Amino acid sequence: MLSVGVDMVEIPRIARALERWGERFLHKVYTEEEVAYCRGRVPELAARFAAKEAISK
């Protein structure tokens, strides 16, 4: 079965997680390549987080 969906995440939610857990959060959720590519830019991190959630469902 193939389905299409949309996942959204609030950018401030990712910002709070990054502030609270820092590197631990980054390395638990993202690959080294993603961390290097996003360079701490929260909107890009949030977009990747939403994409990962959508794929995991």
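Each residue of the sequence shown is one higher than the last, beginning at 0 in numbering that gives the first Met the number 0. Note that beta-carbon positions come from the ideal geometry of N, C-alpha and C, so glycine has one too. Every value quoted in this text rests on a predicted model; they were computed, and no experiment measured them.
Residue i - DSSP class collapsed to helix/strand/coil
{"i": "arginine 40", "result": "coil"}
{"i": "serine 2", "result": "coil"}
Contacts around residue i, its chain only, beta-carbon distance under 8 Å, and the 5 residues preceding and following it disregarded
{"i": "isoleucine 10", "result": "Val41, Pro42 and Ala45"}
{"i": "glutamate 52", "result": "Asp6 and Val8"}
Short Cβ contact (7 Å threshold) for residue i with residue j
{"i": "valine 5", "j": "phenylalanine 48", "result": "no"}
{"i": "phenylalanine 24", "j": "alanine 14", "result": "no"}
Residue span of the alpha helix (DSSP H) that contains residue i, given as start and end
{"i": "glutamate 18", "result": "10–20"}
From the options, residue whose alpha carbon lies closest to that of residue i
{"i": "serine 55", "options": "Glu32, Val28, Glu18 and Gly39", "result": "Val28"}
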